[in-house]
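**Student:** Quick one: structure below, then a few questions.
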Amino acid sequence: MKVQEYMLQALKDAVQMEVEGRQFYLEAAKKVQSDGVREILEYLAESEIYHIQKFNEIYQSLQKDPHWTNTMAEFKPPKHEPYVCVLAMAKEEKEAGGQDDLQALRTGIKMEECSIDYYTKLARESQDRLARRFFMSVAHEERGHLLALLDMHNYLSDPADWFYVKQMGHVDGQ
Numbered sequence: 002m003k004v005q006e007y008m009l010q011a012l013k014d015a016v017q018m019e020v021e022g023r024q025f026y027l028e029a030a031k032k033v034q035s036d037g038v039r040e041i042l043e044y045l046a047e048s049e050i051y052h053i054q055k056f057n058e059i060y061q062s063l064q065k066d067p068h069w070t071n072t073m074a075e076f077k078p079p080k081h082e083p084y085v086c087v088l089a090m091a092k093e094e095k096e097a098g099g100q101d102d103l104q105a106l107r108t109g110i111k112m113e114e115c116s117i118d119y120y121t122k123l124a125r126e127s128q129d130r131l132a133r134r135f136f137m138s139v140a141h142e143e144r145g146h147l148l149a150l151l152d153m154h155n156y157l158s159d160p161a162d163w164f165y166v167k168q169m170g171h172v173d174g175q
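Numbering of the sequence shown is given in our numbering, commencing with residue 2 and proceeding in unit increments.
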């Protein structure tokens, strides 16, 4: 398989992964009990829209011309509320969340880990420096998603540990 064909197939696969991720987050958001978990899942579903659009844009450009441009390599997702996870966790919850919430978070964690691995692999395999930069930027964004899911999972499954970790700067008396 030629490099060009490989990259086009990789982009198709990336679009499919992002579409499936978005669908999962939207469906899971309907089923969870915790408003905080729902908010994070909806936030992640929305963030996948930019990824899908960007991958499609690059795919269409590479079909016409196999050379990456600086514009193609730019990865600038729309600005989101930086504290979406903190705000979601600060909500007063009637229910702290059940097994569906934790299962949705675990599934999301696995999906984000797979995405990180895939985009990191594409960056390593890319011969073009702009392609490498782009895929590493996407992997970095997915890592942020992973950390949000891990944080919420820890918050729901072990609140005492979550508060301890978040307050570690205050444990030593500072």
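C-beta: ideal position from N, C-alpha, C; glycine also.
If you reduce the DSSP assignment to three classes, tell me which class GLN1 lands in.
**Tutor:** Residue 1 lies beyond the residue range present for the chain, which begins at 2 and ends at 175; the question has no answer from this structure.
**Student:** By the three-class DSSP mapping on this structure, what secondary structure does SER35 have?
**Tutor:** Three-state DSSP puts SER35 in coil, outside helix and strand.
**Student:** Excluding sequence positions up to five away, which residues of its chain have a Cβ less than 8 Å from the Cβ of TYR120?
**Tutor:** Only ALA15, PHE136, MET137, VAL139, ALA140 and GLU143 meet the Cβ criterion.
**Student:** Where TYR7 and GLU19 are concerned, what is the direct C-alpha to C-alpha distance, given to the nearest angstrom?
**Tutor:** The straight-line gap from Cα to Cα measures roughly 18 Å.
**Student:** Smallest Cα separation from GLY99: which of GLY37, PHE164 and SER62?
**Tutor:** The residue with the shortest Cα to Cα distance from GLY99 is GLY37.
**Student:** Please report the straight-line C-alpha distance between PRO160 and GLU49, rounded to a whole angstrom.
**Tutor:** Between PRO160 and GLU49, the C-alpha separation is close to 28 Å.
**Student:** Would you mind stating whether ASN71 and LEU147 have Cβ atoms separated by less than 8 Å?
**Tutor:** Cβ distance not < 8 Å, so ASN71 and LEU147 don't count as in contact.
**Student:** Could you tell me if ASP66 is buried or exposed, where buried requires 16 or more neighbouring beta carbons within 10 angstroms of its beta carbon?
**Tutor:** It counts as exposed.
**Student:** Short of 8 Å in beta carbon distance, which residues of its chain neighbour PHE25, apart from the five on each side in sequence? Order them along the chain.
**Tutor:** THR108, GLY109 and MET112.
**Student:** Tell me the DSSP secondary structure of HIS68 in three-state form.
**Tutor:** Three-state DSSP puts HIS68 in coil, outside helix and strand.
**Student:** Identify whether GLU114 lies in helix, strand or coil by the three-state DSSP scheme.
**Tutor:** If DSSP states are grouped into helix, strand and coil, GLU114 belongs with the helices.
**Student:** Going straight from the alpha carbon of TYR165 to that of ALA149, what length do you get?
**Tutor:** Near 17 Å, if we compare the C-alpha coordinates of ALA149 and TYR165.
**Student:** Alpha carbon to alpha carbon, how far is GLN10 from GLU43? Give it in angstroms, no decimals.
**Tutor:** Between GLU43 and GLN10, the C-alpha separation is close to 28 Å.
**Student:** How big is the Cα-Cα spacing for ASN57 and ASP129?
**Tutor:** Looking at the two C-alpha atoms, the distance is approximately 18 Å.
**Student:** In this structure, how does DSSP classify ASP101 when only helix, strand and coil are distinguished?
**Tutor:** Helix.
**Student:** Please state whether DSSP places GLU75 in a helix, a strand or coil.
**Tutor:** It is coil, neither helix nor strand.
**Student:** Just tell me which of LEU106, MET73, ALA74 and ALA46 has its CA closest to the CA of VAL33.
**Tutor:** It is LEU106.
**Student:** Pick out whichever of LYS55, SER116, GLN64 and GLN61 has its Cα sitting closest to the Cα of GLU75.
**Tutor:** GLU75 has its Cα closest to that of LYS55, out of LYS55, SER116, GLN64 and GLN61.
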